[in-house]
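Asks: In our numbering, the protein residues as written are 717 to 1132.
Using N, Cα and C, we set each Cβ at its ideal position, and we do this for glycine too.
Since we're looking at a predicted model, the values are computed, not measured.
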RNA sequence: GUGGGUGUAGCUCAGUUGGUUAGAGCGCCGGAUUGUGGAUCCGGAGGUCGCGGGUUCAAUUCCCGUCACUCACCCCA
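See the structure below:
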């Protein structure tokens, strides 16, 4: 049997209503907060991702779907959304207009990881990016939008973890000190972390291996090494969250995996998803726009993993369909009339269907029942002769004869 | 990339201490006097027992390999 590619999955009819619900909510909430939708390509030049995400990260090192174009240039399926949005923003000068500095997107991302619960090789993200201000209240606004999205979906037991990793200078200073601290313990920590010592020392703090956690127990915290500006920025963010009653949990060890993050970083977790507990995360990236040859521009954003959210959604979250009318046409003369009726109903805006496999009234009604029709419209040769049809309520079994000329209007009044 | 678990009908799973026609429930299709559905009863279709090899008179069952799915490590949304 032909199967889908490993780590990819179909979203089946039973699930699509929930997806629409999530997506609609994302559009609504983002728009309410003044964000405009942007749609960008799902692949870009490899260089864009390599430069923005960081060469020493796992994403760039081993998780990208990279392939040569026919002219030999290297392309990559997008592993995340921010880099592409920044590229588009610069290419189309969106920073020039106040109305296009807050953007959101929805769409598939690709990472070649080993699949497991809540982790796929193609997965969908809802993300927002706000450019051009370093006001900490923008941090609050972005986090509040993320929080509100989850709340509106009825998600429970969520924790907002938050930290500040400072600006690049703060981090540089801290890294020096942290390296001095960890150097004597280098033999104790895991091999992965020994490698990180030279590539990405901050991630040692985030390591889940017990010996590493122990080794960094008394490490100096980045939090204590923030510059006065970064510290005051962070304090204003926390105060702002308090003002609007968003509970948070300080997490000094929270270091995000992408190189471009600065200052505020945050992550929302759930205890109900096994190992993949993060359902949304983000932070500031004040240096990225400049890194991609744009004007020095502060920015902040988040991304939500929609597959993970979908796993948490209650099955009841779906938009109900309008009532279905089943046209049961049978008999030589009646069938063409039934075809015309079905077509007319649909043109009138009524949800209508039939079943071409069923040939007698019994099997037609059975099909009507299986399809969940609210009404069946019976049109046999007897009815055809008098230009009428029988309108049957499938739940009450009440039925009446209706003139074919009036039936669309009659049905329209029923659906209101 | 590394480890664990699982692969029998469309779905959920039994089963065979190795033995000849492999089962159930649900679902699907049909019938119960010919133009009235759902319930009930009856019947039917549907399986290379993941794939390949080995042991054996005999393998779905035991052994080896392989693939797929899954969970976890890692990493991240």
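Roughly how many angstroms lie between the CA atoms of residue 936 and residue 892, to the nearest whole one?
Replies: Going by the C-alpha atoms only, they are around 11 Å apart.
Asks: Using 8 Å as the cut-off, can you tell me whether the segment 800–808 makes contact with the segment 730–745, which would need three or more C-beta pairs spanning the two stretches below that distance?
Replies: The segment 800–808 vs the segment 730–745: no contact.
Asks: Flag this pair as touching only if the segment 1055–1071 and the segment 897–908 have three or more C-beta atom pairs under 8 Å; answer yes or no.
Replies: As far as the Cβ criterion goes, the segment 1055–1071 does not touch the segment 897–908, which means the pair count is below three.
Asks: Going by C-alpha distance, which of 983, 1101, 912, 974 is nearest residue 795?
Replies: Comparing Cα positions, the closest option is 974.
Asks: Have a look at residue 764 and residue 998 and give me their C-alpha separation to the nearest angstrom.
Replies: Whole-angstrom Cα-Cα distance: 19 Å.
Asks: Please give the ranges of any alpha helix (DSSP H) in the segment 902–953, keeping only runs that are unbroken, at least 4 residues long and fully inside the region.
Replies: DSSP runs (the alpha helix (DSSP H)) wholly in the segment 902–953: 907–915, 919–922, 926–931.
Asks: Of the residues 810, 1028, 901, which one's Cα is nearest the Cα of residue 990?
Replies: Looking at the Cα atoms, 1028 is the closest of the given residues.
Asks: Do residue 821 and residue 754 have their beta-carbon atoms positioned less than 7 Å apart in this structure?
Replies: The answer is yes: Cβ separation under 7 Å.
Asks: Could you give the DSSP three-state label for residue 804: helix, strand or coil?
Replies: Three-state result, residue 804: helix.
Asks: Given 8 Å as the limit, is there contact between the segment 915–924 and the segment 812–821, that is, 3 or more CB pairs closer than that?
Replies: Verdict: no, contact absent.
Asks: Could you tell me whether the segment 1034–1043 touches the segment 1006–1015, using the rule of 3 or more Cβ pairs below 8 Å?
Replies: No, the segment 1034–1043 does not touch the segment 1006–1015.
Asks: Compute the Euclidean distance between the alpha carbons of residue 1002 and residue 929, then round it to the nearest angstrom.
Replies: C-alpha separation (whole angstroms): 29 Å.
Asks: So what does DSSP say about residue 812, is it helix, strand or coil?
Replies: Note: residue 812 maps to helix in three-state DSSP.
Asks: Here's a check: name, in chain order, each residue in its chain whose Cβ is nearer than 8 Å to the Cβ of residue 809, leaving out the five neighbours to either side.
Replies: So no residue of the chain qualifies.
Asks: When the Cα of residue 797 is compared with those of 890, 744, 1020, 1100, which residue comes out closest?
Replies: That would be 1020, whose Cα lies nearest to the Cα of residue 797.
Asks: Could you tell me the alpha carbon to alpha carbon distance between residue 899 and residue 752, rounded to whole angstroms?
Replies: For residue 899 and residue 752, the distance between alpha carbons rounds to 47 Å.
Asks: Have a look at residue 833 and residue 875 and give me their C-alpha separation to the nearest angstrom.
Replies: Taking the straight line from one Cα to the other gives about 20 Å.
Asks: I'd like the span of the alpha helix (DSSP H) that includes residue 824, first residue to last.
Replies: First-last for residue 824: 818–826, but that is the beta strand (DSSP E), not the alpha helix (DSSP H).
Asks: Return the CA-CA distance between residue 856 and residue 848, expressed in angstroms with no decimal places.
Replies: Computed Cα separation, rounded: 15 Å.
Asks: Flag this pair as yes or no: are the beta carbons of residue 772 and residue 915 separated by less than 7 Å?
Replies: Yes, Cβ-Cβ distance for residue 772 and residue 915 is below 7 Å.
Asks: Residue range of the beta strand (DSSP E) that residue 1000 falls in?
Replies: Looking at the DSSP string, the run of the beta strand (DSSP E) that includes residue 1000 is 994–1000.
Asks: If the criterion is Cβ atoms closer than 7 Å, does the pair residue 805 and residue 1017 meet it?
Replies: No, the pair does not count as a contact, with Cβ atoms beyond the cut-off.
Asks: Let me know the secondary structure DSSP gives residue 1050 once reduced to three states.
Replies: If DSSP states are grouped into helix, strand and coil, residue 1050 belongs with the helices.
Asks: Classify residue 1066 as helix, strand or coil using the three-state DSSP reduction.
Replies: Three-state DSSP puts residue 1066 in coil, outside helix and strand.
Asks: Determine the DSSP secondary structure at residue 721, reduced to helix, strand or coil.
Replies: In this structure, residue 721 counts as coil in the three-state DSSP scheme.
Asks: Is the beta carbon of residue 953 less than 7 Å from the beta carbon of residue 980?
Replies: Yes, they are a contact pair.
Asks: Going by DSSP, which residues form a beta bridge with residue 875?
Replies: 985, per the DSSP bridge assignment.
Asks: Using only the alpha-carbon positions, how far apart do residue 1069 and residue 1058 sit?
Replies: Those two C-alpha atoms are separated by around 7 Å.
Asks: My assumption, with CB atoms under 8 Å, is that residue 996 sits in contact with residue 852. Please give the rounded CB distance.
Replies: Not quite, the Cβ-Cβ distance comes to about 20 Å (not below 8 Å), so this is no contact.
Asks: Less than 8 Å between the CB atoms is what I'm expecting for residue 741 and residue 865, so what's the real figure, rounded?
Replies: Indeed they touch by this definition, with Cβ atoms about 7 Å apart.
Asks: How would you call residue 728, buried or exposed, if buried means at least 16 neighbouring beta carbons within 10 angstroms?
Replies: So residue 728 ends up on the exposed side.
Asks: Run through the segment 730–816 for me and flag every whole alpha helix (DSSP H) of 4 or more residues, listed as ranges in chain order.
Replies: Entirely contained in the segment 730–816, the alpha helix (DSSP H) runs reaching 4 residues are, in chain order, 732–748, 762–769, 798–807.
Asks: Are the beta-carbon atoms of residue 1037 and residue 965 separated by less than 7 Å?
Replies: For residue 1037 and residue 965, no; Cβs fall outside 7 Å.
Asks: Residues in its own chain within less than 8 Å of residue 902 by CB, not counting five upstream and five downstream?
Replies: Result list for residue 902: 910, 913, in chain order.
Asks: Can you give me the C-alpha to C-alpha distance between residue 839 and residue 747, rounded to a whole angstrom?
Replies: Their Cα atoms are separated by approximately 23 Å.
Asks: By the 10 Å Cβ neighbour count, where 16 or more other Cβ atoms means buried, how is residue 788 classified, buried or exposed?
Replies: Residue 788 is exposed by the Cβ-count criterion.
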